[in-house]
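I have placed the structure first, in the form of structure tokens, so that the comments after it can refer back to it.
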Amino acid sequence: MANLLWMHGGACNGNTQSFLNADEPSVIDLVRDFGINILYHHSISMEFGEQVHRLVHQILNDEIPLDIFVFEGTVIQGPNGTGRYDMFHDRPKKDWIWELAHKAQFVVAIGDCACWGGIPATKPNPSESVGLQYLKGEHGGFLGKNFRSKAGLPVINIPGCPAHPDWVTQILVAVATGRLEDVQLDELQRPQTFFKTFTQTGCTRVQYFEWKEPVEEFGQGTRKGCLFYEQGCRGPLTHSPCNRILWNRQSSKTRSGMPCIGCTEPQFPFFDLAPGTVFKTQKVLGSIPKEVPQGVDALSYSISAAVSRAAAPKWAKEEMFVP
Amino acid sequence: MSQKGSEVKTIDRKDLKVHSLGRVEGDLDVRVSIENGVVVDAWTEATMFRGFEIILKGKDPQAGLIVTPRICGICGGSHLTKAVYAIDTAWSTEVPPNATLVRNIAQAVETLQSIPRWFYALFAIGLTHENYKKSPLYDEVVKRWAPYGHELRNRRHRIGQAGRDLRHLRRPVATSSFMVPGGVMCAPTLSDASRARSPSSSTTANTGWRKSGSAVRWSAGWRTRRGRDVLNWLEEKPEHRDSDLGLFIRYSLDLGLDQYGRGPGRFLATGSFFEPDLYRYPTIEGRNRALIARSGVYDGENFHDFDQARVREDHTHSFFRGGGAFHPFEGVTDPIDPEEGAKEGKYTWAKAPRYDVPGVGELALEAGPLARQVIAGRPGAEAHQDYDPLIYNIVKEIGPSVMVRVLARMHEAPKYYLRVKEWLRRIDLNDKFYIKPKELRKGAASDRRKPPRALSDWIVIKDGKIENYQVITPTAWNIGPRDRHDQRGPIETAMIGTPIEIPKIRWSSPASRRARLVPRLHGPRYDAKTKQEIAKYEVTKF
């Protein structure tokens, strides 16, 4: 049995809502079949008020062991580092988070906010939000670069806005069933089993990408083409399994004609949403994408793109996703 | 001075503060004053600030499509819908009928998924509180709705299925930004459309809810007009009585949930879903008529047309600099340290939305499902609009309450389900889903909607970027504090009159915690978003 405490800071509850949609396994499976004892979760527990207060004290006084501390949302430090923009039982929530993180065997950050600050930390970051161990791409964050939970691990980052329910429940099961050594973390502390691949891996538009055929416009225009060239899709640049582990078991953004906005990466939202950057590919010299697929240099990319376009078969210019 | 034998009234007054009541983001504390066991005053205190409106300033005009769905992880699709209509209005786009249908469907589907998730995951678990043990129905309620229970697991499986199936129309995630000015990003295929149709015929309304005795049965054809019809439905067949809906009604009547949580009795709905041909060119002026679920204000006696120009936000008691009330186009979000704010009598991060009712003045109004269904009962609907007097009649017969609020929400499920089927049928797969708009460098527009349907966005665009962006959610209408006239917010009002039994706090040992998930608490607890009672108070020394 593993005791789990779920807390939220500067959050939208989106990761909880996503978590409630989990079905392999489901939240109830976690509790009934996988021995995860949810000590408290703000949305689905009966406890509140003084009971929660007391529970937290019992954890901090070592009366109840805390195996997994799950955190959703940013750590709010404003105004001026006081944390009074987010209070929990009349005390800045950040102070509770610090203490609980240091009592837990494992600390799991769920969603962009908890991992790197997410949308609330977008300039000018009015709430002085940070992630648990990162602020955007910078190591450090609230708990500091060298933080290790009691089991000797850094924060396990499960980013996404929101994180897919399976990413969450499957990692929790791995922890609860003692398979955590199988979970390899990448340099951003994300489980590689989910985040080694690209969003593009499994995308149904990948043939259009290969022949450099763009989506000309949204709507009926997405019946053909790849969204990388004009609509700012970050699929080739973003690490996620969105096209391997589908959303609602049905679909993904890119399959639906929506460009990937890179929400599993610390820089999300990219370019701080400056005018002209939303759903538009940033280009140099008017035609070459400013950011090319990871590991490719711009010159090689331009050459291979020109060759591909020239060699493209006729069907690559035609609609594939027809009514 | 009292003499022996004469009656001396002693006032037993207590102030209590109850922490971490909210089940969702925003984090709600509630302070109440209790006299002789009854709540006589209340203050709702939202304790968390993120500053979305500040983040949006100076950003790309379309930034709202990415940012606002992240305000609330439950109703991201609603935020997206109003955000896109705000830009459509500001840029004077043309929205093809297909796009309006897909937007309608996506929004309705989000609500269809939210209703059972809200009822089973967030609300009904509170009904298993052991304070209700005296009810003869208690054991059955615990069996069905206790947290992490077997029966709940079965229901959730079905509900999860329903949510997935209905999302075939290529809408992957709640926080997706697939609506764009001029239409939608997707172009469904035949397979998408037919898969969306068939499961929706058999799932949401039927799976999660057929077994649970969905509201479909008593609202089909809108023949049901009065509260009496609901009671007749209940007694008609054993399946009705034994359904989850039937059990909820019987349990509510037994516990008295039809008596508590009246609220202000005045309502606001800003409307949702558009008739495609009437809203090809979205404008502020054309909006009310194009709506399917109508907008409107009910002041307790009369209905009024909704006019966005009459909306104000008062921040006298909110942790923002200064005081007073502003229309959202002029709205400011300038946070101050709550410690400083407290010295000026400020006590929450929520602002206090008010509506200036002609001839009456600025009122605090309830928003949400009950408000929407009261407005649905207003006579004079056009052919494309929803006219459905059931909930309005119930409110007139027995007044608003926790029970009626829940009924109103459940009542929406079958209505939306039938609409979704109709909208799916009307999609023309070979027609346009998007018309590329001209990105105007300036404009000002507002839109409002969704399962939070009094959700509103006001955007001012200048020099190709966002000059001002203000959002008012239904939760804000409900959870807002007092205003400069000291008029309470709707939830604050709803709490007054509630009897509170102040318990001796007994703590369960850690070992027994799991065995008894039900806390020992008393007095109603309200969901931060929905204002529904979800559990009972607990007492903290103040």
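Here the protein sequences come in this chain order: A and B.
Just so you know, we're using my numbering here: the first sequence kicks off at 8 and counts up by one.
Just so you know, we're using my numbering here: the second sequence kicks off at -1 and counts up by one.
Heads up, the beta-carbon is just placed ideally off N, CA and C, and yes, glycines get one too.
Could you work out which residue in the options is closest to residue i when comparing CA atoms only?
| i | options | result |
| --- | --- | --- |
| alanine 119 of chain B | B:Ala369, B:Glu138, B:Arg142, B:Arg480 | B:Arg142 |
| valine 285 of chain A | B:Leu110, B:Ala492, B:Gly462, B:Val458 | B:Gly462 |
| serine 175 of chain B | B:Arg287, B:Leu229, B:Leu78, B:Ala267 | B:Leu78 |
| phenylalanine 26 of chain A | A:Ile126, A:Pro127, A:Val190, A:Thr176 | A:Thr176 |
| glycine 284 of chain B | B:Asp297, B:Asp303, B:Val295, B:Glu299 | B:Asp303 |
| leucine 541 of chain B | B:Asp481, B:Glu420, B:Asp455 | Chain B is shown only over -1 to 540; residue 541 of chain B falls outside these bounds and no answer can be derived. |
| proline 273 of chain A | A:Ala29, A:Trp123, A:Val190, A:Pro266 | A:Trp123 |
| leucine 253 of chain B | B:His127, B:Thr268, B:Val458 | B:His127 |
| glutamine 289 of chain A | A:Gly185, A:Gln238, A:Gln207, A:Arg251 | A:Gln238 |
| proline 127 of chain A | A:Ile104, A:Arg212, A:Gly17 | A:Gly17 |
| valine 358 of chain B | B:Glu410, B:Arg308, B:Tyr277 | B:Arg308 |
| isoleucine 373 of chain B | B:Arg224, B:Asn391, B:Ser293, B:Asp227 | B:Ser293 |
| lysine 349 of chain B | B:Pro356, B:Ala362, B:Glu338, B:Val355 | B:Ala362 |
Distance check for residue j and residue i, CA to CA, integer angstroms please.
| i | j | result |
| --- | --- | --- |
| isoleucine 117 of chain A | alanine 317 of chain A | 44 Å |
| phenylalanine 76 of chain A | valine 404 of chain B | 34 Å |
| glycine 147 of chain A | lysine 110 of chain A | 19 Å |
| glutamate 106 of chain A | tyrosine 345 of chain B | 27 Å |
| serine 250 of chain B | glutamine 65 of chain A | 36 Å |
| glutamate 395 of chain B | histidine 60 of chain A | 42 Å |
| isoleucine 51 of chain A | lysine 341 of chain B | 35 Å |
| threonine 26 of chain B | threonine 45 of chain B | The residue you asked about is not threonine; residue 26 of chain B is leucine in the sequence shown. If I take the Cα positions, the gap works out to 6 Å. |
| phenylalanine 540 of chain B | leucine 14 of chain B | Because phenylalanine 540 of chain B carries a pLDDT of 20, less than 50, the predicted location of this residue cannot be relied on, and no value is offered for it. |
| arginine 197 of chain A | glutamine 214 of chain A | 28 Å |
| lysine 203 of chain A | leucine 195 of chain A | 11 Å |
| serine 136 of chain A | threonine 261 of chain A | 30 Å |
| isoleucine 489 of chain B | glutamine 257 of chain B | 15 Å |
| glutamine 58 of chain A | isoleucine 72 of chain B | 26 Å |
| aspartate 275 of chain B | valine 393 of chain B | 34 Å |
| isoleucine 71 of chain A | alanine 379 of chain B | 59 Å |
| lysine 460 of chain B | tryptophan 89 of chain B | 12 Å |
| valine 16 of chain B | valine 107 of chain B | 34 Å |
| serine 263 of chain A | threonine 81 of chain A | 29 Å |
| tyrosine 141 of chain A | tryptophan 254 of chain A | 26 Å |
| methionine 14 of chain A | glutamate 325 of chain A | 49 Å |
| leucine 160 of chain A | valine 34 of chain A | 25 Å |
| isoleucine 165 of chain A | phenylalanine 50 of chain B | 23 Å |
| glycine 90 of chain A | threonine 129 of chain A | 18 Å |
| lysine 209 of chain B | leucine 12 of chain A | Note that lysine 209 of chain B has pLDDT 39, beneath the 50 cutoff, so the model's placement of it is unreliable and no number is given. |
| asparagine 34 of chain B | aspartate 484 of chain B | 24 Å |
| aspartate 30 of chain A | serine 316 of chain B | 41 Å |
Just confirm the distance between the C-beta atoms of residue i and residue j, as a whole number of angstroms; I'd bet it's less than 8 Å.
| i | j | result |
| --- | --- | --- |
| isoleucine 290 of chain B | aspartate 384 of chain B | 6 Å |
| tyrosine 558 of chain B | glutamine 227 of chain A | Here chain B covers residues -1 to 540 and nothing more, so residue 558 of chain B does not appear. |
| phenylalanine 275 of chain A | glycine 283 of chain A | With 8 Å as the limit, phenylalanine 275 of chain A and glycine 283 of chain A do not qualify as a contact, their Cβ atoms being about 18 Å apart. |
| isoleucine 52 of chain B | threonine 331 of chain B | 6 Å |
| isoleucine 464 of chain B | leucine 54 of chain B | 5 Å |
| glycine 298 of chain B | arginine 264 of chain B | 5 Å |
| valine 82 of chain B | methionine 177 of chain B | 4 Å |
| proline 398 of chain B | leucine 368 of chain B | 6 Å |
| lysine 219 of chain A | alanine 312 of chain A | 5 Å |
Using beta carbons (cut-off 7 Å, strictly below), is residue i in contact with chain E?
| i | result |
| --- | --- |
| glycine 71 of chain B | Given the protein chain composition of this structure (A and B), no chain E is represented. |
(request) Name, going along the chain, the residues of the stretch 92 to 104 of chain A whose beta-carbon falls closer than 9 Å to a beta-carbon of chain B. (result) The residues in question are Tyr92, Asp93, Met94, Phe95, His96, Asp97, Lys100.
(request) Report the residue ranges of all alpha helix (DSSP H) runs contained in full by the stretch 356 to 412 of chain B; include only those spanning at least 4 residues, in chain order. (result) Segments of the alpha helix (DSSP H) lying fully in the stretch 356 to 412 of chain B: 367 to 373, 388 to 396.
(request) With 8 Å as the C-beta to C-beta threshold (strictly closer), list the residues of the stretch 216 to 236 of chain A near chain B in chain order. (result) Within the stretch 216 to 236 of chain A, the residues whose Cβ lies closer than 8 Å to some Cβ of chain B are Glu224, Phe225, Gly226, Gln227, Gly228, Thr229, Arg230, listed in chain order.
(request) Compile a chain-ordered list of the residues in the stretch 48 to 59 of chain B whose CB is closer than 7 Å to at least one CB of chain A. (result) Taking 7 Å as the Cβ-Cβ cut-off against chain A, the residues of the stretch 48 to 59 of chain B that qualify are Arg48, Gly49, Ile52, Ile53, Lys57, Asp58.
(request) Could you please tell me which residues of the stretch 175 to 189 of chain B, in chain order, have their CB closer than 7 Å to any CB of chain A? (result) Flagged, chain order: Ser175, Phe176, Val178, Gly181, Val182, Met183, Cys184, Ala185, Thr187, Leu188.
(message) Output needed in chain order: residues of the stretch 111 to 126 of chain B with a Cβ under 8 Å from some Cβ in chain A.
(response) Interface annotation for the stretch 111 to 126 of chain B against chain A: Arg115, Ala119, Leu120, Ile123, Gly124, Thr126, criterion Cβ-Cβ distance under 8 Å.
(request) Could you run through the stretch 7 to 25 of chain B and flag, in chain order, every residue whose CB is less than 9 Å away from some CB of chain A? (result) Hits within the stretch, in order: Lys15, Val16, His17, Ser18, Leu19, Gly20, Arg21, Val22, Glu23, Gly24, Asp25.
(request) Using a Cβ-Cβ cut-off of less than 9 Å, give me the residues of the stretch 185 to 216 of chain A that come near chain B, in sequence order. (result) Of all residues in the stretch 185 to 216 of chain A, none is placed with a Cβ closer than 9 Å to any Cβ belonging to chain B.
(request) May I have a chain-ordered list of the alpha helix (DSSP H) segments no shorter than 4 residues that lie completely inside the stretch 116 to 169 of chain A? (result) Listed in chain order, the alpha helix (DSSP H) elements of length 4 or more contained wholly in the stretch 116 to 169 of chain A are 119 to 123.
(request) For the stretch 39 to 70 of chain B, list the alpha helix (DSSP H) runs that are entirely contained and at least 4 residues long, ordered along the chain. (result) List check, alpha helix (DSSP H) in window: 50 to 54, 61 to 65.
(message) Please give the ranges of any beta strand (DSSP E) in the stretch 273 to 324 of chain B, keeping only runs that are unbroken, at least 3 residues long and fully inside the region.
(response) Complete beta strand (DSSP E) runs here, min 3: 289 to 291, 294 to 296, 309 to 312.
(request) Check each residue of the stretch 416 to 438 of chain B: if its Cβ is closer than 7 Å to any Cβ of chain A, include it; give the result in chain order. (result) Result list: Leu427, Asn428, Lys430, Phe431, Tyr432, Lys434.
(request) Scan the stretch 452 to 481 of chain B for residues whose Cβ lies nearer than 9 Å to a Cβ of chain A and list them as they occur along the chain. (result) Hits within the stretch, in order: Asp461, Gly462, Lys463, Ile464.
(request) Identify each residue in the stretch 266 to 286 of chain A for which the Cβ-Cβ distance to at least one residue of chain B is less than 7 Å, and report them in chain order. (result) Hits within the stretch, in order: Ile268, Pro276, Leu280, Ala281, Pro282, Gly283, Thr284, Val285, Phe286.
(message) Short of 7 Å Cβ to Cβ, which residues in the stretch 275 to 295 of chain B face chain A?
(response) For the stretch 275 to 295 of chain B, which is checked against every Cβ of chain A, not one residue is closer than 7 Å.
(request) Ignoring anything shorter than 4 residues or poking outside the stretch 59 to 125 of chain B, list the alpha helix (DSSP H) runs there in chain order. (result) Qualifying alpha helix (DSSP H) stretches, in chain order: 61 to 65, 74 to 89, 95 to 114.
(message) Which residues of the stretch 241 to 266 of chain B have a Cβ closer than 9 Å to any Cβ of chain A? Give them in chain order.
(response) Residues passing the 9 Å Cβ filter: none.
(request) Below 7 Å between beta carbons is the criterion; list the residues of the stretch 117 to 147 of chain A that meet it against any residue of chain B, in chain order. (result) So the close ones are Ile126, Pro127, Thr129, Pro131, Pro133, Ser134.
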